[in-house]
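> With positions in the sequence shown counted from 1, the corresponding number in the working numbering is that position plus 940.
Just so it is clear, CB atoms sit at the ideal spot from N, CA and C, and this is done for glycine as well.
Values in this document were obtained by computation on a predicted structure and should not be read as measured data.
Pasting a structure here, questions to come.
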Amino acid sequence: MPMKRIISILVFLCTAIMAGAQVKVNCGPFLQNVTEDSFTVVWTTDSLAVGWIEVAPDDGTHFYNVERPKYFDMRGFGRKPIGTLHKVTVSGLEPGTTYRYRVMCKGVLIQENRARIIYDQGYGLDLKKRPTKVTTKAKDYDQVKFAVVNDMHEHDSVMQVLFKDAKGKYDFVCFNGDMTSAVDSTAEIRIHYMNTASKLFASDTPLYLCRGNHEYRGNDAIKYVDYFQTPTGKTYYSASYGKYFFLFLDSGEDKVDSDIRNLDIMMTEKYVQEEAEWLKTVVESEEYKNAEVKIAFCHIPPSPTGWYGNATVSKYLVPLLNGTGLDLMLCAHIHKYSYREAGKNGCDFPVLCNANQQRLDATVDKNGIKIEIYDASGAKLHSLKFDKKK
941 MPMKRIISIL VFLCTAIMAG AQVKVNCGPF LQNVTEDSFT VVWTTDSLAV
991 GWIEVAPDDG THFYNVERPK YFDMRGFGRK PIGTLHKVTV SGLEPGTTYR
1041 YRVMCKGVLI QENRARIIYD QGYGLDLKKR PTKVTTKAKD YDQVKFAVVN
1091 DMHEHDSVMQ VLFKDAKGKY DFVCFNGDMT SAVDSTAEIR IHYMNTASKL
1141 FASDTPLYLC RGNHEYRGND AIKYVDYFQT PTGKTYYSAS YGKYFFLFLD
1191 SGEDKVDSDI RNLDIMMTEK YVQEEAEWLK TVVESEEYKN AEVKIAFCHI
1241 PPSPTGWYGN ATVSKYLVPL LNGTGLDLML CAHIHKYSYR EAGKNGCDFP
1291 VLCNANQQRL DATVDKNGIK IEIYDASGAK LHSLKFDKKK
């Protein structure tokens, strides 16, 4: 066979292989850490890639009307990261403004140190649909609406039902811990809840996470935080919507660190002590003191005589929250509904536990908090109202 013919065949085969290997987004995008002037987008790909975000104003022009600014993943410290987890922050935006964004990737087919990098033809998530929209936080809010689920433990099919009509309904959503029974592999984050979350709401609605005790478990548990972006870079942090203040707390493990089932790998008490030092500065801040309504999310509910996890929350976190005007703590963990009035278990604030596989909807305004809890059939199970503390 002539050499020219052989070369042509090889070129054809290489082209076919490269086309078949084109990178695809297999989870996301989902929004993290939306502020008045920035937002972060997270997604994963099925193979190694360089990813970026292109952004356009929501001004009626076609996304392809002009070249749009590109924002790259800056975790490479001056070099574009190559990987399957992509995290891009877009900054320099205006408060309370809607933007359009699209996720872009170039798959890395060959990487030969300093010699060359060969990419595939590239992939844009919105090529077959409209770009995703995101709205930065406004400077002030009359009311804020949010939803909470917890203790789903891989019941992704239930979450699909609970959030089937969630698109554009909430200002944010909180996953209040134990979304899986362990993080044996980071693929479980994608498979068991983030694929559904991204599809139903999280691409345009900010998502906040509280770590539960089960997120401490499994081979890839330490990688859990890599998939999310918090203001502190920790699993405890705060966020505000105008004068409404929200604390997202990490309650640690439910058993003492030295328990045999913790495999001599936990040091959660030290971590909660570190968190307490941070919380002390937060509750002393002017932003917290001047907030009209204050809500804390905490997976394990406080109880000084309960399990280790309950007692840890009572020992280190509750004393810092008492006397600060906290209006409500939203907890999970016990897999059933529970309401404790202020004054119980050493807390001067009410504690409400949402059951597993149910959705808690909340509306916050200057007068207080309205709570409604629904099961997967859509039935309203509980309704509560909390007046703002004077």
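#1: Pull the bridge partners of E1128 from the DSSP assignment, please.
#2: Per DSSP, which residues does V1048 bridge with? Please list them.
#3: Could you tell me the alpha carbon to alpha carbon distance between G1173 and D1199, rounded to whole angstroms?
#4: Taking a contact to mean a Cβ-Cβ separation below 8 angstroms, would you say N1045 touches A989 in this structure?
#5: Rounded to a whole number of angstroms, what is the C-alpha to C-alpha distance between T1303 and F1326?
#6: Using CA atoms only, rank isn't needed, just tell me which of Y1041, D1305, A1316 and L1203 is closest to K1329.
#7: Looking at the unbroken beta strand (DSSP E) that takes in K1234, where does it start and where does it end?
#8: Between the C-alpha atoms of S1317 and M1099, what's the straight-line distance to the nearest angstrom?
#9: State the Cα-Cα distance for the pair P1035 and A1078, rounded to the nearest angstrom.
#10: How many whole angstroms separate the CB atoms of L1189 and Y1181, which I take to be in contact at a CB cut-off of 8 angstroms?
#11: Near S935, which residues of its chain fall below 8 angstroms by C-beta distance, leaving aside the five closest residues on each side in sequence?
#12: Over the uninterrupted alpha helix (DSSP H) stretch that includes D1096, give me the two end residues.
#13: Considering Cα atoms alone, identify which of N973, G968, C967 and N966 is closest to A1179.
#14: Measuring CB to CB, does T1024 end up less than 8 angstroms from T985?
#15: For the alpha helix (DSSP H) that contains P1259, what are its first and last residues?
#16: Within the continuous alpha helix (DSSP H) that includes V1223, where are the two ends?
Quick answer:
#1: Secondary-structure assignment with DSSP links E1128 through no beta bridge to anything.
#2: In the DSSP output, where bridge partners are listed per residue, V1048 has Y1059.
#3: If you take the alpha carbons of G1173 and D1199, they lie about 28 angstroms apart.
#4: At residue 1045 the sequence reads Cys, which differs from the Asn that was named. Taking 8 angstroms as the Cβ cut-off, C1045 and A989 qualify as a contacting pair.
#5: Straight-line Cα distance between these residues: approximately 11 angstroms.
#6: The residue from Y1041, D1305, A1316 and L1203 with its alpha-carbon nearest to that of K1329 is D1305.
#7: Boundaries of the beta strand (DSSP E) harbouring K1234: V1233 to C1238, taken from the DSSP string.
#8: Looking at the two C-alpha atoms, the distance is approximately 12 angstroms.
#9: Approximately 5 angstroms, taken between the alpha carbons.
#10: Between L1189 and Y1181, the beta carbon gap of about 18 angstroms keeps them out of contact (Cβ cut-off 8 angstroms).
#11: With the chain covering 941 to 1330 only, the question about residue 935 has no answer from this structure.
#12: Membership of D1096 in the alpha helix (DSSP H) is indicated by the continuous run D1096 to L1102.
#13: Distances from the alpha-carbon of A1179 to those of N973, G968, C967 and N966 put N973 closest.
#14: Yes. Within cutoff.
#15: Annotation for P1259: the continuous alpha helix (DSSP H) segment containing it runs V1258 to L1261.
#16: For V1223, the uninterrupted alpha helix (DSSP H) segment begins and ends at T1208 to V1223.
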